[in-house]
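Letter by letter, the sequence shown follows residues 530 to 878 in the numbering used here.
All residues carry an ideal CB built from backbone N, CA and C; glycine is no exception.
Source: prediction; values computed, not measured.
One structure is given below, encoded as structure tokens.
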Amino acid sequence: MAKMEQALVPRQAVVQTAQALMVDGKGLLAMDESNPTCNRRFAALGIALTAEKRRAWRELIVTTPGLADSISGAILFDETIRQHLQDGRPFARALADVGIIAGIKVDAGAKALAGHAGEKVTEGLDGLRERLAAYAAMGARFAKWRAVISIDAALPSAAGIAANAHALARYAALCQEAGLVPIVEPEVLMTGEHMLQRCAEVTAQVLHEVFAQLHVQQVLLEGLLLKPNMVLPGLACDVQDSVDEVADASLNCLLRAVPAAVPGIAFLSGGQSAELASARLNAMNRRFKTRLPWALTFSFSRAIQQPALELWRGEPANAQQAQRALQHRAACNRAARRGEYTASMDVAV
Ligand code: 13P
530 MAKMEQALVP RQAVVQTAQA LMVDGKGLLA MDESNPTCNR RFAALGIALT AEKRRAWREL
590 IVTTPGLADS ISGAILFDET IRQHLQDGRP FARALADVGI IAGIKVDAGA KALAGHAGEK
650 VTEGLDGLRE RLAAYAAMGA RFAKWRAVIS IDAALPSAAG IAANAHALAR YAALCQEAGL
710 VPIVEPEVLM TGEHMLQRCA EVTAQVLHEV FAQLHVQQVL LEGLLLKPNM VLPGLACDVQ
770 DSVDEVADAS LNCLLRAVPA AVPGIAFLSG GQSAELASAR LNAMNRRFKT RLPWALTFSF
830 SRAIQQPALE LWRGEPANAQ QAQRALQHRA ACNRAARRGE YTASMDVAV
């Protein structure tokens with residue numbers, strides 16, 4: 530193959546994978562909680578904090594009947610991509626067998642940003658080229674890197690936004706070089722008393738900086754997916770805006786900040802209830818249907834998993850009931866992606 534053609538191969542691969550992940554009606558399932566995060570959720574429900582329990586929970590998820598009707602891709606954690614189902618198949622293979630594309634969380638977590646109290650920068654660029662090659666060999670076709678931005682009276686600083694945007698762009702460039710689709714996740718946290726408008730301003734600022742850095746690093750927009758927060762009032766804010774107001778604020782922000790060449794936007798849930806996350810995604814798709822240049826879908830962890838985890842509680846006897854709850858949440862979000870979710874879908878459950 531000529532040198533020029535060789536250089537095109539990863540670019541074609543990432544564009545095709547990004548499109549496959551955004552295939553009509555489906556979304557992503559984040560099941561890539563780090564061990565401390567997964568253990569925190571297990572501990573709250575009295576589930577043993579062991580590698581085997583984490584493996585068993587993830588096996589329950591990937592063997593949920595009908596999951597692939599709503600889920601195009603699932604994001605795994607390093608521990609999980611190295612584990613196997615009881616029948617001996619590695620997780621990436623089990624996902625591929627049902628038509629779900631395997632992804633992998635590759636950041637090393639958000640650490641305190643020197644000189645900037647209260648702010649974090651996500652680490653993990655050192656050695657990333659080699660780790661991406663290893664994950665690709667294990668069957669991963671896309672990756673995820675989460676940056677975290679906090680809001681308070683003085684935050685975020687320009688330094689915090691710049692450091693995180695730079696790291697996201699460097700990560701994205703390395704992913705595309707390896708033939709993996711980067712999911713670019715700048716999460717503006719819900720924690721705080723701020724109003725919706727302040728979240729809108731910060732989210733816009735962050736997205737402008739992220740896309741500027743992606744441009745500087747020559748990342749191919751057609752071969753990445755954006756995983757943003759919805760534009761929401763702080764959890765402790767007195768004014769909790771309506772579903773339609775959240776939908777309008779989120780889309781007004783994203784339509785201005787996200788280039789049309791990006792194939793898809795897949796929201797994180799960030800601690801919203803499962804029902805609210807579905808209702809808000811639904812309102813966005815319903816109200817903006819004819820104006821969206823990109824697919825608008827979900828990449829939820831808690832808003833898909835939490836109701837099922839609360840049913841499972843680590844007990845094999847509860848597995849079927851938990852799988853039904855997972856399948857239901859995935860189906861609700863699939864409907865929300867089409868603007869066809871109604872609250873009545875949740876009443877009977
Ligand atoms: P939540 O949907 O629980 O916010 O998780 C999404 C995610 O992948 C965070 O990185």
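Query: Sheet register partners of Met560 (DSSP bridge); Result: Leu605
Query: Cβ contact (3+ pairs, closer than 8 Å) linking the region 750-765 and the region 717-729; Result: yes
Query: His744 - DSSP class collapsed to helix/strand/coil; Result: helix
Query: Completely contained beta strand (DSSP E) runs for the region 665-738, where each covers 3 or more residues; Result: 671-678, 710-717
Query: Cα-Cα separation between Thr579 and Arg820, rounded to whole angstroms; Result: 47 Å
Query: Same chain, Cβ closer than 7 Å to Glu648, five either side skipped, listed in chain order; Result: Leu642, Ser679, Leu684, Pro685, Ser686, Gly689
Query: Cutoff 6 Å; reference Phe817; Cβ partners in own chain excluding five residues on either side; Result: Leu780
Query: Between the CA atoms of Thr826 and Ala795 - distance to the nearest angstrom; Result: 5 Å
Query: Ala637: CB within 7 Å of a non-hydrogen atom of the ligand 13P; Result: no
Query: Residue from Glu730, Ala639, Arg611 whose Cα sits closest to the Cα of Arg584; Result: Arg611
Query: Option nearest Asp773 by Cα separation, candidates Leu784, Arg785, Val760; Result: Val760
Query: Unbroken alpha helix (DSSP H) run spanning Ala625, endpoints; Result: 620-626
Query: Alpha carbon of Ala547 to alpha carbon of Pro788, nearest angstrom; Result: 15 Å
Query: Rounded straight-line distance, which links the Cα of Ala872 to that of Ala573; Result: 27 Å
Query: Candidates Ala790, Asp681, Asp655, Pro594, of which the one nearest His744 by Cα; Result: Ala790
Query: Check: Ser830 C-beta below 7 Å from any heavy atom of the ligand 13P; Result: yes
Query: C-beta atoms of Ile600 and Lys555 nearer than 8 Å; Result: yes
Query: From Thr732, Leu657, His645, Ala859, residue whose alpha carbon lies closest to that of Thr593; Result: Ala859
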